[in-house]
Amino acid sequence: DTGVSQDPRHKITKRGQNVTFRCDPISEHNRLYWYRQTLGQGPEFLTYFQNEAQLEKSRLLSDRFSAERPKGSFSTLEIQRTEQGDSAMYLCASSLEFRYYGYTFGSGTRLTVV
Amino acid sequence: TQLLEQSPQFLSIQEGENLTVYCNSSSVFSSLQWYRQEPGEGPVLLVTVVTGGEVKKLKRLTFQFGDARKDSSLHITAAQPGDTGLYLCAGEGGTSYGKLTFGQGTILTVHP
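Protein sequence lines correspond, in order, to chains A and B. So for the first sequence, the numbering used here puts the first residue at 1; every next one is plus one. So for the second sequence, the numbering used here puts the first residue at 1001; every next one is plus one.
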């Protein structure tokens, strides 16, 4: 297994466009998380899945954001009608369910909204 | 929402010096983890601490979990330029059940 993969690594989009990011977790991991990180700050929680079920979504998350994890494998994060404030690094991580296991993060998708 | 406050926010030192990074909260966490992140990459797990008062050592890095499980520290002995990066603490438990809440990070620069 090559770890957590995220695609694309970089995305530049015009304000108002929709974007979709993909995350492929470690195959044995049943939990998948999405975080957002701005420069010099810690990651901010967006949402997480256990298998195909979305268990929690941040209250700070606008309705323009949606995430799916069909069949409990890969996940997609879509942002509709992007705004300049959406510019950030979007990180995906996966883990085993046991709470004391750490997360394995992907390299992230850097989104720039112009 | 449980908050984790890290200090200092920035640390710039010379090779060979020692340093300590602190991670504090008013809430109790079931576990606390430390990550290191390099520019353009995702965070990488360094350690998980779960028991109050626990101390773990990883070569020149020493991690401690507070007795009340509300705070933690990371101590680096004889820092090297390769230690440069963003250090993040993250806690799980309480209102952060099932997910990690991250501190804002400490940017460490070690000059040769």
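Where a beta carbon is used, it is the ideal one built from N, C-alpha and C, also for glycine. Keep in mind the model is a prediction, meaning the values are calculated, not measured.
What are the residues that DSSP puts in a beta bridge with residue 24 of chain A? A:5
Got a sec: is the Cβ-Cβ distance from residue 1102 of chain B to anything in chain A below 8 Å? In terms of beta-carbon proximity, residue 1102 of chain B lines the interface with chain A, with at least one pair separated by less than 8 Å.
With DSSP run on the structure shown, which of helix, strand or coil describes residue 54 of chain A? strand
Whose Cβ in chain A lies nearer than 7 Å to the Cβ of residue 1033 of chain B? 102
Apart from the five residues on each side of it in sequence, which residues of its chain come closer than 7 Å, Cβ to Cβ, to residue 1048 of chain B? 1031, 1033
Is residue 1066 of chain B close to chain A, meaning its C-beta is less than 8 Å from at least one C-beta of that chain? Not an interface residue.
Give, in chain order, every residue of the stretch 37-67 of chain A whose Cβ lies closer than 7 Å to some Cβ of chain B. 40, 41, 42, 43, 45, 48, 55, 56
Helix, strand or coil: which one does DSSP assign to residue 1080 of chain B? coil
Where residue 1041 of chain B meets chain A, residues with beta-carbon distance less than 7 Å: 107
Find out if the Cβ-Cβ distance for the pair residue 1079 of chain B, residue 1017 of chain B is shorter than 8 Å. yes
Three-state class that DSSP yields for residue 1059 of chain B in the structure shown: coil
Kindly indicate the opening and closing residues of the beta strand (DSSP E) around residue 75 of chain A. 75-79
Assigned secondary structure, residue 72 of chain A (DSSP; H/G/I helix, E/B strand, else coil): Looking at residue 72 of chain A - three-state DSSP - the assignment turns out to be helix.
Listing by chain order, which chain B residues have their CB less than 9 Å from the CB of residue 91 of chain A? 1042, 1043
Please name the residue in A:92, A:63, A:71 whose C-alpha comes closest to that of residue 81 of chain A. A:63
Check whether residue 94 of chain A and residue 32 of chain A have beta carbons under 8 Å apart: yes
Using a beta-carbon distance below 8 Å, is residue 1105 of chain B in contact with chain A? yes
Under the criterion of a Cβ to heavy atom distance below 7 Å, does residue 1111 of chain B qualify as lining the ligand FAD? Absence of the ligand FAD is noted for the structure shown, with no ligands found whatsoever.
Specify whether the stretch 1082-1091 of chain B and the stretch 15-24 of chain A touch according to this definition: at least 3 beta carbon pairs, one from each stretch, less than 8 Å apart. No, the stretch 1082-1091 of chain B is not in contact with the stretch 15-24 of chain A.
With DSSP as the reference, label residue 1071 of chain B as helix, strand or coil. strand
For residue 10 of chain A, which residues does DSSP report across the bridge? A:110
Assuming residue 91 of chain A and residue 37 of chain A make a contact with CB atoms under 8 Å, what is their CB distance in whole Å? 6 Å
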